[in-house]
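These notes are about the structure you will find just below.
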Amino acid sequence: MKIRKLQSGEEVPLDLLLLADPSRRMIEQYINRGECFAAEMEGKIAGVYVLLATRPATAELVNIAVAEEHQGQGIGKQLVCDAIRNARLSGVKTLEVGTGNSSIGQLAFYQKCGFRIMGIDRDFFIRHYPEEIVENGIQCRDMIRLSLDLD
Ligand SMILES: CC(C)(COP(=O)(O)OP(=O)(O)OC[C@H]1O[C@@H](n2cnc3c(N)ncnc32)[C@H](O)[C@@H]1OP(=O)(O)O)[C@@H](O)C(=O)NCCC(=O)NCCS
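Structure follows, in structure tokens:
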């Protein structure tokens, strides 16, 4: 597997980005401001992540997704490690990520990758997503904010 940065003008794997973020409108807002990296296996994109510089020395992993048939094989963790490496190269000291209160598996995944909960953006998904989101039988309302110290 090879992870590489997609060049501007290259097609982004929208189907994968939509796995992590159901809002096309939100994806369009960050995709051109951030850097998109793709994991390729046998010439096909198996995973993707988008890194966005947000504040001085701070970046956010605004999207990360692994194709369903490749999930649970360690690719997500490799993508996070690659994001950490690229963020460090850009002088980032804090890497942040946000996920829904209902995204129980993702909360486990990020914590296994070393992220720690730092706050809750209450009603984020009510304010920014027109459609109701329900996962694991729980309404997705609040964004759980997590961060990883890269020092
Ligand atoms: C979340 C996602 C990126 C994880 O990628 P992955 O390749 O399946 O994860 P990995 O195989 O690298 O797992 C890394 C660790 O996280 C754990 N983990 C991953 N998904 C998990 C889940 N749903 N529940 C519990 N633990 C999970 C693994 O068990 C593994 O633990 P270990 O280090 O102790 O072995 C992937 O499931 C995905 O693309 N989901 C759909 C899109 C999405 O929800 N993106 C995030 C939006 S916030």
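Be aware that the sequence shown starts at -12, since it is given in our numbering, and climbs by one per residue. All C-beta atoms, glycine included, are put in the ideal place defined by N, C-alpha and C.
Asked	Found
Which of helix, strand or coil DSSP assigns to Asn50	strand
Span separating the alpha-carbon of Lys(-11) from that of Ala52	15 Å
Inter-residue spacing [alpha-carbon to alpha-carbon] between Ser10 and Phe102	24 Å
Beta-carbon proximity check, Glu22 vs Arg(-9), cutoff 8 Å	no
Distance CB(Asn50)-CB(Leu4) smaller than 8 Å	yes
Inter-residue spacing [alpha-carbon to alpha-carbon] between Thr45 and Lys80	6 Å
Length of the line joining the Cα atoms of Cys86 and Glu119	The question names Cys, but residue 86 in the sequence shown is Thr. Taking the straight line from one Cα to the other gives about 15 Å.
Assigned exposure category for Ile131 - 16 Cβ within 10 Å defines buried	buried
Close-in-space but distant-in-sequence residues of the same chain around Ala7 (CB under 7 Å, 5 per side omitted)	Asn50, Ile51 and Ala52
For Gln126, three-class secondary structure by DSSP	strand
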